[in-house]
Amino acid sequence: MTLSIAYLVLVLVFAFILNLVVSKICFNRKYKFPNVVPGWPIIGNALDIPYPAGMWAAAMTKKHGEMFTLNIGTKRLVYLNSSRVVTDLLEKRAAIYSSRPYRPMLSEIMSGGARMVMMGYTDKWRNQRKIMHSILNGVQAEKKFVPFQDLESKQLVYDLFQDPENFHKASQRFSNSVILSVVFGRRARKDDELLAFILGYTGTLGEYQFAPTKSPADVFTWLSCLPKPLQWWRPFGEKFFKTHVEMFQKEYDLLLSKMEKGTAKPCFAVDVLHGAAKKEFEISDIEKIYTWTSLVEAGSDTTRTAVLQTIAGAACYPSWAVKARALLDEVCGHKAERLPMLADRERLPYITAVVKETLRWRPFLQSGVPRVLTRDDEYEGYRFPAGTEFSWNAYSIALDEKEYKDAERFEPERFMNEDLNKPTKGHWSFGAGRRVCAGLNVGVNNIWIAAATVLYCFDIAEDPDHPIDQFNTLWEEPTKAPFKVKITPRSKAHIALIEREGAIAQAADY
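Numbering (full-length UniProt numbering), first residue to last: 1 to 510.
So this is what it looks like as structure tokens:
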């Protein structure tokens, strides 16, 4: 009897192994992946990917080419490392390259299935996208949001003048106050509870999105089938979700109170509530919260990083900044007559080129949030099964001499061409295909007004004792300056202008 059981177990084990071998042989015959990077048994390359991954992926591109494949547990992730392949797959074939992989921890437990950036290409996602696009774009939207952006730029230069060594804090306050104004119609306060929360949780989301080892359930999705008491990662995710909803519920309640009193500023959230009340679209309360927070997440850290990169670019390559100041002087006065405004954009195309070069030079999104292929596809001899994940390596593309002459340099002149006023052309910072950022016009305006006012008011120089590491600067760290830089007012007249406009910004309270 014992021998019979042992024999049966042996047969079952052999059959299981044989099935795995045969299945793998059949799979490899049917499908073909580009340049598969060797990894560890079972976990594959899960331990190889750092966060942030920009420079690592750039080095991998030099070694493995235009496309390479990583095995992340049971998943296959294909990195796209040129604009050519990103365009061919994520844009031209967007119908099957626009969904998201199933991430039980990040998408469901931490986000309640409502965080837009992690949603699949579904009706629910399309509904939220439609709401965002209709409210954030167009002439009326611009009239609504531009006053917020112009005001916060005054606060930005005042903060830089008062405390130039903490330029990173000024950038952080600017980016968060602008996005809070756009979304909720209120400015960021000193010691703002929501601001402190945003600083913490956006970093956590980034790690869970791009660092596979943070969540084993997102690498081995079958782990989500375990009984809940055995899901050791779940308590953190549930607490994250609960805290997030509670924090933004406070903003929701505050906004409702202002609307009842008639003191609410025109903003995105008010438009969502009015649209829902008029039955212009259907949206649940939890979806409302996550539609708002999607904008806060997308707009806060990205603008902060872009402003810092503009400052770094001016310090490392001062010739373009000198040219920009001369052009700003022609419009705003050589004697600091007034600050630049967003209404000056048509007269200052070079500043628009500065914004595009900022977005190209060091992309704030170093790697694209992975897409998942929804049906089998073939491309240039490679055959991909449905379920294959794809990401683009924005750093490799930005540093590719085949795509950009003198790619390492900050040169706005490269965009003084027919692509100048096409926000998504020449870089991939706003994404690709059907998932390109719905609020990109707001983001571009944020960076434009920040760059224009800072360049007009200050001379920016690299600290000779602390040269800027252009390739390994940790832009993602919000609590300390990523580099040393000297920021000084251009003249006494500029100081007077900064103080005068700063007083206006200081007095504004909403």
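Glycine included, C-beta positions come from ideal geometry on N, C-alpha and C.
Just so we're clear, the structure is a prediction, and the values are computed from it rather than from any experiment.
I'd like the list of long-range same chain contacts for residue i, defined as Cβ closer than 6 Å, with 5 residues on each side in sequence excluded.
i	result
Gly39	Asn45 and Asn71
Ile135	Phe268 and Asp271
Pro266	Lys144
Ile25	none
Quick one: what does DSSP say residue i is sitting in, helix, strand or coil?
i	result
Glu287	helix
Gly275	helix
Pro478	coil
Leu295	helix
Lys261	helix
Ser4	helix
Trp232	coil
Ser367	strand
Trp428	coil
Leu106	helix
Pro41	coil
Arg189	coil
Lys214	helix
Leu47	coil
Going straight from the alpha carbon of residue i to that of residue j, what length do you get?
i	j	result
Ala57	Tyr290	31 Å
Ile468	Ala269	40 Å
Gln249	Asp271	17 Å
Glu477	Phe364	12 Å
Tyr31	Val296	40 Å
Ser177	Arg304	11 Å
Leu440	Tyr102	26 Å
Leu474	Leu199	15 Å
Tyr51	Gly203	10 Å
Gly262	Ala407	52 Å
Met132	Arg347	29 Å
Ala53	Leu399	14 Å
Thr479	Gly299	18 Å
Glu499	Ile49	47 Å
Ser294	Gln128	10 Å
When you compare the CB positions of residue i and residue j, do they come within less than 8 Å of one another, or not?
i	j	result
Ala432	Gly368	yes
Ala188	Leu180	yes
Ile397	Asn81	yes
Met110	Phe240	yes
Tyr79	Ser391	yes
Ala315	Val146	no
Asp150	Met341	yes
Ala481	Phe148	no
Ala306	Leu359	yes
Ile96	Gly73	no
Ala336	Leu497	yes
Lys154	Gly426	no
Glu357	Pro412	yes
Could you round the C-beta distance between residue i and residue j to whole angstroms and report it? I think they count as a contact, below 8 Å.
i	j	result
Arg325	Leu160	So it is not a contact: roughly 15 Å between Cβ atoms.
Pro104	Ala217	5 Å
Arg76	Glu389	7 Å
Val37	His64	6 Å
Tyr317	Phe410	4 Å
Starting from the C-beta of residue i, find all residues in its chain whose C-beta is less than 7 Å away, skip the five residues before and the five after it, and write them out in chain order.
i	result
Phe458	Leu160, Ile487, Thr488, Pro489 and Arg490
Ala94	Gly433 and Arg434
Asn472	Met55
Val436	Thr424 and Phe430
Leu106	Met118, Tyr208, Gln209, Ser215 and Asp218
For residue i, verify whether its CB is less than 7 Å away from any heavy atom of the ligand NAD.
i	result
Lys32	Here there are no bound small molecules, and the ligand NAD is not part of this structure.
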